[in-house]
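Below you'll find the structure, written out as structure tokens, and then a few comments.
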Amino acid sequence: METINLEDLFEAKLAKNEMIEPKDWMPENYRKHLIRQISQHAHSEIVGMLPEGNWITRAPSLRAKLILLAKVQDEGGHGLYLYTAAESLGITREEMLDALLTGKAKYSSIFNYPTLSWADVGAIGWLVDGAAIMNQVMLQRSSYGPYSRAMVRICKEESFHQRQGYEIMTQLSFGTSEQKEMAQDALNRWWYPTLMMFGPPDVESPNSENAIKWRIKRETNDQLRQRFINQTAIQVEYLGLVAPDKNLKWNEKKQGYDYSDPDWNEFKSVIKGNGICNKDRLLSRNNSHKNGEWVREAAIAFGKKQEQESKAA
Amino acid sequence: MNKDSQGELWEVFVQKKAGQPFVHCGNLHAYDKEMALQNARDLYTRRGEGMSLWIVLSSSIVASSPEDAGSFFEPSNDKIYRHPTFYQIPDGIGHM
Chain A
512 METINLEDLF
522 EAKLAKNEMI
532 EPKDWMPENY
542 RKHLIRQISQ
552 HAHSEIVGML
562 PEGNWITRAP
572 SLRAKLILLA
582 KVQDEGGHGL
592 YLYTAAESLG
602 ITREEMLDAL
612 LTGKAKYSSI
622 FNYPTLSWAD
632 VGAIGWLVDG
642 AAIMNQVMLQ
652 RSSYGPYSRA
662 MVRICKEESF
672 HQRQGYEIMT
682 QLSFGTSEQK
692 EMAQDALNRW
702 WYPTLMMFGP
712 PDVESPNSEN
722 AIKWRIKRET
732 NDQLRQRFIN
742 QTAIQVEYLG
752 LVAPDKNLKW
762 NEKKQGYDYS
772 DPDWNEFKSV
782 IKGNGICNKD
792 RLLSRNNSHK
802 NGEWVREAAI
812 AFGKKQEQES
822 KAA
Chain B
681 MNKDSQGELW
691 EVFVQKKAGQ
701 PFVHCGNLHA
711 YDKEMALQNA
721 RDLYTRRGEG
731 MSLWIVLSSS
741 IVASSPEDAG
751 SFFEPSNDKI
761 YRHPTFYQIP
771 DGIGHM
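Taken in order, these protein sequences are the chains called A and B.
Just so you know, we're using my numbering here: the first sequence kicks off at 512 and counts up by one.
Just so you know, we're using my numbering here: the second sequence kicks off at 681 and counts up by one.
Pasting the structure below:
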């Protein structure tokens with residue numbers, strides 16, 4: 512009998528643009544890379560509920576409050592899709608939550624910045640969700656089936672997030688001069704952290720090469736960052752606001768905008784835990800997990816009791 | 681952390697409209713059937729994605745294994761007479 516090399520089979524599937532499914536053979540490093548990327552992505556959705564949750568009780572109208580609640584609920588759902596996608600690779604939910612709560616796991620550095628005004632809720636929807644969508648649209652074609660399918664669902668739901676954010680920015684930018692100032696201030700603070708969301712420059716990105724080779728990612732950090740800026744610059748202009756970057760201007764030759772890099776030292780420092788809100792976010796997550804302990808205990812006990820009753824019947 | 685704190689894994693199938701097939705849409709954790717059903721509603725049908733849900737314990741699913749797909753499904757390949765195009769139909773008998 513002819514022996515089939517599993518690694519060749521795996522490579523052949525990738526070459527044919529076929530998806531890898533949970534029970535397929537995969538190289539250990541592919542599995543590890545996916546577990547890291549998908550669980551970080553899930554953690555980002557969950558921690559991402561905190562900065563916006565901060566404004567639910569202070570939303571300026573009932574309409575705004577309903578929208579924000581729906582958006583934050585979506586983010587929770589996205590976290591759950593992603594956790595189960597990661598679980599299909601052989602890690603447990605408990606292990607992932609443990610890594611998040613002990614600070615071992617990373618999540619997107621953007622959520623370690625504070626939401627100081629209502630305009631920040633607009634800026635997050637418009638810029639942060641906008642950047643996330645750009646990344647996630649690419650990930651819909653990721654080579655790992657459960658990840659790709661989770662992304663398709665997430666992208667469907669995310670587009671309302673970006674639009675509601677831009678609506679808030681529009682209301683403020685065309686409102687009173689104080690409101691416009693709030694909008695400008697939010698743009699100033701969120702612009703560079705948003706650009707950091709795409710990850711370090713390609714030349715310094717340790718995980719990019721494998722991610723591209725394995726078709727987990729289809730485009731590089733710099734390509735996505737450039738596309739995001741090209742798309743967003745026009746939206747800044749429409750609002751009558753100014754991006755906090757003097758070098759931001761259209762470059763006819765490259766058919767894209769020139770821009771200044773964010774401060775990559777700040778990026779590294781926030782990832783290491785020194786951002787404004789790192790400690791606060793982790794504390795909030797730990798507190799709500801602890802406060803939910805009795806609920807989980809009761810639910811487990813109830814589930815077991817039901818199981819026994821159905822066996823007895 | 682409690683090793684058993686998240687409940688069992690359940691698979692969720694959604695039917696978009698009456699009469700259509702149930703399609704797998706994802707999975708979730710829950711401690712019992714009722715919670716699984718409620719969680720599935722909250723997680724997978726927030727935008728009118730379905731009118732009906734099936735929830736199955738993941739551990740109850742019997743699946744074929746991808747490595748054996750070749751030999752497992754092979755027997756159907758040589759039975760081309762199962763396809764309508766295998767047969768020659770005379771002209772002039774109308775639609776069949």
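Cβ atoms here follow ideal geometry from the backbone N, Cα and C, with glycine treated the same way.
So, under 8 Å CB-CB, A/H544 and A/A722 are touching, yes? Tell me the CB distance rounded to an integer number of Å. Numbered from its first residue, the first sequence carries residue 544 of chain A at position 33. Numbered from its first residue, the first sequence carries residue 722 of chain A at position 211. Their Cβ separation, rounded to whole angstroms, is 7 Å, which keeps A/H544 and A/A722 in contact under 8 Å.
If you measure beta-carbon to beta-carbon, which residues of the segment 792-815 of chain A are closer than 7 Å to chain B? Residues of the segment 792-815 of chain A that bring their beta carbon within less than 7 Å of a beta carbon in chain B comprise R807, A810, I811, F813, G814, in sequence order.
A/Y677 (DSSP reduced to helix, strand or coil): Numbered from its first residue, the first sequence carries residue 677 of chain A at position 166. Here A/Y677 sits in helix by DSSP.
Could you pull the start and end residues of the alpha helix (DSSP H) that B/V736 belongs to? Taking the second sequence and counting its residues from 1, the one referred to as residue 736 of chain B is at position 56. Careful: B/V736 lies outside any alpha helix (DSSP H), inside the beta strand (DSSP E) at 732-737.
For B/L737, would you say it is in contact with chain A, using Cβ-to-Cβ distances shorter than 8 Å as the test? Residue numbering aside, residue 737 of chain B sits at position 57 when the second sequence is read from its first letter. With 8 Å as the cut-off, B/L737 does not count as an interface residue toward chain A.
Check the Cβ of B/Q686 against every Cβ in chain A and list those closer than 7 Å, keeping chain order. On the second sequence, residue 686 of chain B is found 6 positions in, with the first residue counted as 1. Neighbours of B/Q686 on chain A, chain order: R604, E605.
Is there contact here, the segment 717-737 of chain B with the segment 603-619 of chain A, by at least three beta-carbon pairs under 8 Å? Flag = no, the segment 717-737 of chain B and the segment 603-619 of chain A do not touch.
How is the beta strand (DSSP E) around B/N707 delimited, first residue to last? Here the question's residue 707 of chain B lines up with position 27 in the second sequence. Counting along the chain, the beta strand (DSSP E) containing B/N707 begins and ends at 702-710.
Since B/Y767 meets chain A, which of its residues come closer than 9 Å, beta carbon to beta carbon? Taking the second sequence and counting its residues from 1, one reaches residue 767 of chain B at position 87. What B/Y767 touches in chain A: nothing, since even the nearest Cβ is about 33 Å away.
Sorted by chain position, which residues of the same chain lie with C-beta nearer than 7 Å to B/G687's C-beta, five sequence neighbours on each side aside? By 1-based counting over the second sequence, the position of residue 687 of chain B is 7. Excluding residues within five positions, the ones whose Cβ falls inside 7 Å are H709, A710, Y711.
Using only the alpha-carbon positions, how far apart do A/E818 and B/R726 sit? For the purposes of this step, residue 818 of chain A is identified with residue 307 of the first sequence, where counting begins at 1. For the purposes of this step, residue 726 of chain B is identified with residue 46 of the second sequence, where counting begins at 1. Computed Cα separation, rounded: 29 Å.
Thinking C-beta only, is B/L733 closer than 8 Å to B/V694? Here residue 694 of chain B corresponds to residue number 14 of the second sequence, with the count starting at 1. Here residue 733 of chain B corresponds to residue number 53 of the second sequence, with the count starting at 1. Taking 8 Å as the Cβ cut-off, B/V694 and B/L733 qualify as a contacting pair.
Starting from the C-beta of A/P571, find all residues in its chain whose C-beta is less than 8 Å away, skip the five residues before and the five after it, and write them out in chain order. Walking along the first sequence from the start, residue 571 of chain A turns up at place 60. If the five residues before and after A/P571 are omitted, its C-beta is found closer than 8 Å to the C-beta atoms of W629, all from its own chain and listed in chain order.
On a Cα-Cα basis, can you pick out the residue from A/E598, A/I578, A/M560 that is closest to A/K534? If you number the first sequence from 1, residue 534 of chain A lands on position 23. Cα-wise, what sits closest to A/K534 is A/E598.
Tell me the DSSP secondary structure of A/V663 in three-state form. As a first step, residue 663 of chain A is located in the first sequence; it is residue number 152 there, counting from the start. Judged by DSSP in its simplified three-state form, A/V663 adopts helix.
is_contact[B/H709, chain A] using C-beta, thresh 8 Å: Here residue 709 of chain B is taken as the residue at index 29 of the second sequence, counted from 1. Chain A, which has a Cβ nearer than 8 Å to the Cβ of B/H709, makes this yes.
DSSP beta-bridge partners of B/Q695: Translated into positions along the second sequence, residue 695 of chain B becomes position 15. Answer is B/F702, B/S732, bridged to B/Q695.
Run of the beta strand (DSSP E) containing A/D769, from where it starts to where it stops: Translated into the one-based positions of the first sequence, residue 769 of chain A becomes position 258. In the DSSP assignment, A/D769 falls within the beta strand (DSSP E) that extends over 767-769.
The beta strand (DSSP E) with A/W761 in it runs from where to where? Here the question's residue 761 of chain A lines up with position 250 in the first sequence. Its beta strand (DSSP E) spans residues 760-762.
Tell me, please, whether the segment 735-745 of chain A touches the segment 556-574 of chain A by the rule of three or more beta-carbon pairs shorter than 8 Å. The answer is no - the segment 556-574 of chain A does not touch the segment 735-745 of chain A, with fewer than three Cβ pairs under 8 Å.
At what residues does the alpha helix (DSSP H) containing B/I773 begin and finish? The count along the second sequence starts at 1 and reaches residue 773 of chain B at position 93. Counting along the chain, B/I773 falls outside any alpha helix (DSSP H), and DSSP gives it neither H nor E.
Grouping DSSP H, G and I as helix and E and B as strand, with all else coil, what is A/W805? Position 294 of the first sequence holds residue 805 of chain A. The answer is helix: DSSP assigns A/W805 an H, G or I state.
Excluding the 5 residues preceding and the 5 following B/N707 in the sequence, name in chain order all residues of the same chain whose CB lies nearer than 8 Å to its CB. Numbered from 1 along the second sequence, position 27 holds the residue referred to as residue 707 of chain B. Closer than 8 Å at Cβ, skipping near neighbours: L689, W690, E691, V692, S738.
Chain A contact residues for B/P746, given Cβ-Cβ distances below 9 Å: Residue mapping note: residue 746 of chain B aligns to position 66 of the second sequence, counting from 1. Going along chain A in sequence order, the residues near B/P746 (Cβ under 9 Å) are E532, K534, D535, W536.
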